[in-house]
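Anchor point for the sequence shown: position 218 equals 217 in numbering that gives the first Met the number 0, and the numbering is continuous, going up by one each time.
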Amino acid sequence: MFSVEDVKDILQLLPPPQSNTGSLPSLVPSASGLGLVTLQQLQFQFQSRMTKETQRIPLLSLTLDLDVDQDVVLQLVRTQRTIALLSGDSRIIITESERQSIHEELYSLITHGLVSKSDFAKKKDIDTESLSFLLSESEEIVDIGEYVCSASYEHKISETLEDGLRRSLKETQSVDFAPTDFISKDTPGSSSMSLQPPSMFFVLRILDRVLRAPDLAENFYLHEREDSIRCTPKRLLEQEGEAVVRDLQTGNLVFLEISQFRNRFIYTTPRHIAQYFETSPDVEVIDSYAISKVWASSLGDECRQTLDRDGVVNVRQRLTVLPPDVGDRVRQQVEQFVFNLVQKPDTELHRVGEYWFTEDGYINHKDRILSIAAADANFQWQQLTDSPEKEVKFSLSNITTAITDNEPVLRALVQERSVEKAAEECFWNTVSNRESENEAEFSISWNERVVLRTYVYNQGLDAVGDQKLRDQLAELFAAYAQKELIPDAITKARSNGLMMSRKTRKNVQKLESRLSTEKMDTSTIVIAVNKFNKKQSIEAPGASSLEESKKTMVLDMTRRMQKQKKSDGPVLFLTLVVLLFAKHHPGVVYATGKFAPKLLKQLKSVLEPVQYEQLEKWKEAAKTGTLSAEDRDEMKKIAEV
């Protein structure tokens, strides 16, 4: 007999179970270390528990029941996975009945869709080795990394793809395949598991294999989208492309953005598509757009008719069929293309902004702008009558303001630099014409009031024989001309609106400045007047004009004599002496009453003694205020002779 210590020593000599290789020794030590159990007996007990029990058995409980170490029990599970599995934490043993249920559910799921290994193991609480063993029991398993499905499910996808592709070819329609199309709507059985859709890569892999079939190969274009794969028959794209080109050729389609065409027909590059359109005689490629020449030609005919009728057309308004996102450069090129269709060899068109003009239309609309400029010039000119200090100025804004809102053509045309320049030129020409007219009227007034009188008075001075008297009268006339004659003429011209010309105002201002700042004699008066006349383009008066002016002055003095009051004896006598001097000498003398006696002496040599003696008497009577009515009448008669 062996003692307990002897048994323990013998058990220590036995080799440990080979857990990694799955083999156990034929004799297995008990957990208490007091006995041995044969492997056959241990396996029988384990199998009996696994096949009879329906609930999960804790590892610790089974270890105690079998009286072996936990490693031995784990080794039994690993070597007999057909009847037992381990929980996720390896602490619970799953018996055969539940193991079979898990197996059936797993295989049911993978025939209907893609199953996540980790999700299934977690929800069924089995370890990964147990799941791997379950999956290894069939050769029909398709392992896709984290996911798994059956070969039948993969075949089902393949059939679905193939059927869809063949139907697509038959109907010449695109077909979309989404991964979500390949999972069952309802989870099979009573499983709480949710099936996962296959990945896009998985579907593409199967699709690639399906497309290798002779009748499907090279017949589709694939486009992987965000959530699906679109398979388009090449023939469909060809038909659609041909339909688009036909629409462009017939004008049913005005334009097409080539990049959008490429997005729709994904089989080629933008350049190849452009070349595709360029080969069509009825399609014009402009930048990234294909334009219908039929539409452009129709638009050109419409523009031509409008031009023939109105002389102007807004082609940009007729390009509203082009979407807003079409760039200005493309619009301009389309406009230029239509312009080339409308332009004729014998007809020149003017392009201003978005408007086209015929020659006559351009001239007519331009003339309307010029008439507005002329009207503005006349309006500003008229304002000078009430406000002569204002300046006439050309302002484009005045013209644009005068153009009504329902005249957009004129608004566009006036912005053209050449038209603006022509309008400004017309404005100043109008002002210049008004100034010329005003200067001519001023010249007439100035000539009568200043030039002729200055010449006539100077002729009178030259006729005075007495040098001293001539100098005195010259000084008197210079003062009169500087303070009265010229200023009064300027005042009269200003009040009559004869100084609206810029040139006249400028020259008068200089003359007034000189008259007000320096004392002038007859010589400087004549020089100043002549200089002013030259600037005003006023010519020196001729002999006939001077003679006519003298006659007018004489008649004026004669009429004044007829209106003299009784108290105006000295003035009456002075006027008579000046008149008599004018009748016997060139010019007219400007004199005041104190110079009348001296002028009378100048007449002694040309008057009859009796007449001269009578004049001496009237001189004394005028001085003393004793001129009788008869004397006055006689003096007036002499003046009229």
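Heads up, the beta-carbon is just placed ideally off N, CA and C, and yes, glycines get one too.
The alpha-carbon separation between N532 and E538 amounts to approximately 7 Å. Residue state for L412 is assigned as helix, using DSSP reduced to three classes. Take K597, set aside five residues on each side of it, and the residues of its chain with a beta-carbon closer than 6 Å to its own are L468, in chain order.
Taking the CA atoms as reference points, E52 sits about 19 Å from V67.
Membership of H222 in the beta strand (DSSP E) is indicated by the continuous run F219 to E223. Excluding sequence positions up to five before and after T429, its CB lies within less than 6 Å of the CB of A373 and A376, all in the same chain and listed in chain order. DSSP, read as helix, strand or coil, puts I143 in strand. For H584, there is no enclosing alpha helix (DSSP H), as DSSP marks it with neither H nor E. Around D359, the same chain offers G310 as residues with beta carbons nearer than 6 Å, after the five sequence neighbours per side are excluded.
One alpha carbon belongs to N506, the other to A421, and they sit about 29 Å apart. Approximately 5 Å separates the beta-carbon atoms of V312 and W355; this is inside 8 Å, confirming the contact. The straight-line gap separating the alpha-carbon atoms of K155 and D162 is approximately 10 Å. Taking 8 Å as the upper bound for CB-CB distance, A83 and T62 are not in contact here, some 14 Å apart. Contact annotation: E419 and L395 have beta-carbon atoms nearer than 7 Å. Segment contact: the stretch 110-127 against the stretch 169-176, fewer than three CB-CB distances shorter than 8 Å; contact not assigned.
DSSP assignment within the stretch 375-407 yields no whole beta strand (DSSP E) run of 3 residues or more.
Secondary structure of R211 (DSSP, three-state): coil. The way I'd put it, the stretch 429-446 doesn't touch the stretch 509-521; fewer than three beta-carbon pairs between them come closer than 8 Å. Counted as a single uninterrupted DSSP element, the stretch harbouring N313 is not any alpha helix (DSSP H) but the beta strand (DSSP E) occupying residues V311 to N313. Closest in alpha carbon position to L206, among L164, A242 and I182, is L164. Excluding its 5 nearest sequence neighbours in each direction, W617 has C-beta neighbours in its own chain below 7 Å: F572, L626, D630 and M634, listed in chain order. Secondary structure note for I524: its alpha helix (DSSP H) is the uninterrupted segment T521 to K534. According to DSSP, residue pairing for D66 in a beta bridge does not occur. By the CB criterion at 7 Å, R55 and I91 fall inside the cutoff.
The stretch 441-461 and the stretch 542-560 touch, with no fewer than 3 CB-CB distances between them shorter than 8 Å. The C-beta separation of K392 from L383 comes to about 12 Å, leaving the pair out of contact by the 8 Å criterion. The stretch 122-174 is shown to contain whole alpha helix (DSSP H) runs of 4 or more residues at 127-135 and 150-170, in chain order. Per DSSP, R469 has no beta-bridge partner at all. In the three-state DSSP reduction, V253 falls in the coil class, being neither helix nor strand. Here L236 is not near C230, since their CB atoms are 7 Å or more apart.
Rounded to the nearest whole angstrom, the C-alpha separation of D226 and D214 is 27 Å.
Check the Cα spacing between F45 and each of M556, D64, E447 and E283: the tightest is with D64. Between T357 and L298, the gap from beta carbon to beta carbon reaches 7 Å or more. Inter-residue distance for D465 and Q508 is about 37 Å (C-alpha atoms, whole angstroms).
Taking C-alpha positions only, V209 is separated from D180 by approximately 17 Å. For V553, the enclosing alpha helix (DSSP H) covers residues A542 to Q561.
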